[in-house]
Amino acid sequence: MQINVNGVEQKLRAATLAQALDELDYGDTVVATALNGRFVAAAGRASTVLANGDLLEILAPMQGG
1207 MQINVNGVEQ KLRAATLAQA LDELDYGDTV VATALNGRFV AAAGRASTVL ANGDLLEILA
1267 PMQGG
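Counting from 1207, one number per residue, gives the positions in the sequence shown under this note's numbering.
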């Protein structure tokens, strides 16, 4: 399936958002995710099904001040 990840087209085998994060090597990394402009909490990633053409944003927390 083709989805857009942080502005880059990616071909993934994943069916869910949790699987996509694993496939993209995020594993247990703490990140925030949005699918098609809507925030997806970590607890909802395993049940969030991906579709061809989806827009996925993955953001890592930044420290600073």
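Note that the Cβ used here is the ideal one computed from N, Cα and C, for glycine as well. Bear in mind the structure is a predicted one, so any value in this text is a computation, not a measurement.
Count the other C-beta atoms from every protein chain shown that fall within 10 angstroms of the C-beta of Leu1261, then say buried if there are 16 or more, exposed otherwise. exposed
When DSSP builds the beta bridges, which residues end up paired with Asn1210? Glu1215, Leu1261
Per DSSP, cross-strand counterpart(s) of Leu1241: Arg1244, Leu1262
Return the CA-CA distance between Leu1227 and Gly1233, expressed in angstroms with no decimal places. 6 angstroms
Nearest-angstrom Cα distance between Gln1269 and Val1237? 13 angstroms
Counterpart residues of Thr1222 in DSSP-defined beta bridges: Val1255
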